[in-house]
Amino acid sequence: MFEAMKATKMVAVIGNPASNKGRGAAVSEQVFAMLSEAGRERGFDVMDLTGGSFDESLDVARAWRSRYDALVVIGGDGMIALGANAVQGSGVPLGIVAIGSGNDFARGLHLPVNRVKVAVEGIVGAIACNTHMDVDMGHVRSLTGGLAVRSASGEPIVDGEGHALAEPIDRYYAGMLNCGLDASINDRANHSRLPGGSLRYIAAVLGELTHMKRYGYHVRAELADGTVDERDIITPLLTVANARYIGGGLEVSPYSLLDDGMLDLIWITCMPNARQCAKALSNAYNGRLLASEVFGWRRIRRVEITRAAQGDEPPVFMADGEYVGRLPVEVCVEQRALRVLVPPAVQRWHAARTEEHITAAIVRDGRDPLTGAFVDSAVR
């Protein structure tokens, strides 16, 4: 155990002072102090790489990556996205102290949420025992014409002198790429003044459901068996999921496994009525959302999403709570591209959640595990 522990010489920490409505600065100081104390006992050093902005912190984390052996991020899903984009593909493990509004990626990993002391103890335990989990990531890139933006209104990325830059999208995400109603909900929740992440998201869901649009997408997806499914999808919602949760615990993608080399394409097949919306919201908390024929589902390796001839213009895409950009894009899975520090008990929990368990849930919900189609035509 001592040799495994000794291998980690330097732990870098990035906090987010704006996380959790301003609570982040105090928590960052607490985490840094706890890790520094543990480092003195366990034989590792700690350094703070927190920058003045998301982009500055990401740039510093990338530039200094050869100088640290683990990176710890403090905050919500946006901070996890920062850390994941900093260390993806490097083998440098990411530690997560989840204190944001949604904390959905941490929740899917079975890590503690809004429990700072437990989270730090788990990170120290993972360092000491050298336990981690290698998880997939989604990779979204612009096709010709697709551009990155900074806000839901389409505010472009600018240089240091304020000039707009036509910057293409090229980023990784850990949780979900939200392309329709789900992106609008996320944006509304980000601007809500309500306390508590889950409450903000529920209010945002109810608000957005009152004026749903029918966005027009053309998708060309490579399915799990290697075949290609190409179609127009006119829908309020389109999601490319790597993880299970969004919105502080809404289980939009209950069949997702973090290390199966697949993504899940989920959409609404028709404009749902009030009863169907209420049932979907209820099922989003019990793992049965995709048992309803209101939802389409396919397990995919890659998908191109462009604009369909019909339907409304899709909103700005979001991923892990951050604004991404506009169509057209290509999304693919990067298998086991992110190493995450997890305590031994969490590592064992994930080992027990196998493909067989997911297949059983798919069959329970009446779907064919290979095609995603319902086995019978009964209305659900």
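Okay, so the sequence shown: first residue is 1 according to the UniProt record's numbering, each after it adds one. Glycine residues also receive a C-beta, built at the ideal position from the N, C-alpha and C atoms. This one's a predicted model, so the numbers in the text were calculated from it and none came from an experiment.
What are the start and end residues of the alpha helix (DSSP H) that includes residue i?
i    : result
D77  : 77 to 87
D187 : 181 to 190
H357 : 355 to 364
N178 : Premise fails: N178 lies in the beta strand (DSSP E), 176 to 178, not in any alpha helix (DSSP H).
I266 : No alpha helix (DSSP H) holds I266; the beta strand (DSSP E) holding it covers 263 to 268.
A106 : 104 to 109
S282 : 274 to 283
V124 : 116 to 129
R220 : Careful: R220 lies outside any alpha helix (DSSP H), inside the beta strand (DSSP E) at 215 to 223.
H350 : 344 to 352
Could you check the C-alpha separation between residue i and residue j for me, to the nearest Å?
i    : j    : result
A26  : A33  : 11 Å
I185 : R42  : 43 Å
L58  : W267 : 32 Å
I233 : S153 : 23 Å
R364 : P236 : 26 Å
A360 : S292 : 16 Å
I362 : K279 : 18 Å
G175 : F44  : 30 Å
G75  : S253 : 23 Å
G108 : I300 : 20 Å
D259 : L250 : 20 Å
T50  : V87  : 15 Å
K117 : N190 : 26 Å
V92  : M47  : 15 Å
E334 : N242 : 10 Å
Starting from the Cα of residue i, find the closest Cα among the options and give me that residue.
i           : options                : result
L156        : P369, P328, A360, Y323 : Reading off the sequence, residue 156 comes out as Pro, not Leu. Among P369, P328, A360, Y323, the Cα nearest to that of P156 is on Y323.
R348        : T359, I14, M133        : M133
Y173        : F105, R67, S28, V228   : F105
L35         : G78, G125, G145        : G125
K213        : V13, S256, Q30, E313   : E313
R326        : D320, C332, V316, V333 : V316
residue 409 : H357, R298, D69        : Residue coverage of the chain in this structure runs from 1 to 380, which leaves residue 409 outside it and unanswerable.
I96         : A308, L71, R275        : L71
V31         : V140, P272, A98        : A98
D55         : G78, S66, M47          : G78
A204        : L281, V149, L257       : L281
I165        : D182, R171, G180, L147 : A quick correction: the sequence has Leu, not Ile, at residue 165. Looking at the Cα atoms, L147 is the closest of the given residues.
D229        : R298, E161, L209, S53  : R298
P344        : I202, Y215, A337, E121 : E121
R275        : Y245, Y255, L209       : L209
V342        : G89, K9, I123          : I123
Would you kindly report the start and end of the unbroken beta strand (DSSP E) that includes residue i?
i    : result
C332 : 329 to 341
A291 : Segment: none, A291 is in no beta strand (DSSP E) and carries neither H nor E.
D59  : It is not in any beta strand (DSSP E) - D59 instead sits in the alpha helix (DSSP H) that spans 54 to 63.
H211 : Element bounds for H211: n/a, residue is neither H nor E.
Apart from the five residues just before and just after residue i, which ones in its own chain have a Cβ nearer than 8 Å to its Cβ?
i    : result
F374 : E293, G366, R367, D368, R380
Give me, in chain order, the residues of the same chain whose beta-carbon lies closer than 6 Å to that of residue i; leave out the 5 immediate sequence neighbours on both sides.
i    : result
D187 : A152
Y215 : G180, G311, D312, P314
F2   : Low confidence applies here, because F2 scores a pLDDT of 32, under 50, leaving its location unreliable and the question unanswered by this model.
Is there contact here, the region 253 to 267 with the region 280 to 291, by at least three beta-carbon pairs under 8 Å?
-> Output reads yes: the region 280 to 291 touches the region 253 to 267.
Should the region 208 to 222 be regarded as contacting the region 292 to 309, the criterion being three or more beta carbon pairs within less than 8 Å?
-> Three or more beta-carbon pairs drawn from the region 208 to 222 and the region 292 to 309 are found closer than 8 Å, and the two stretches are therefore classed as touching.
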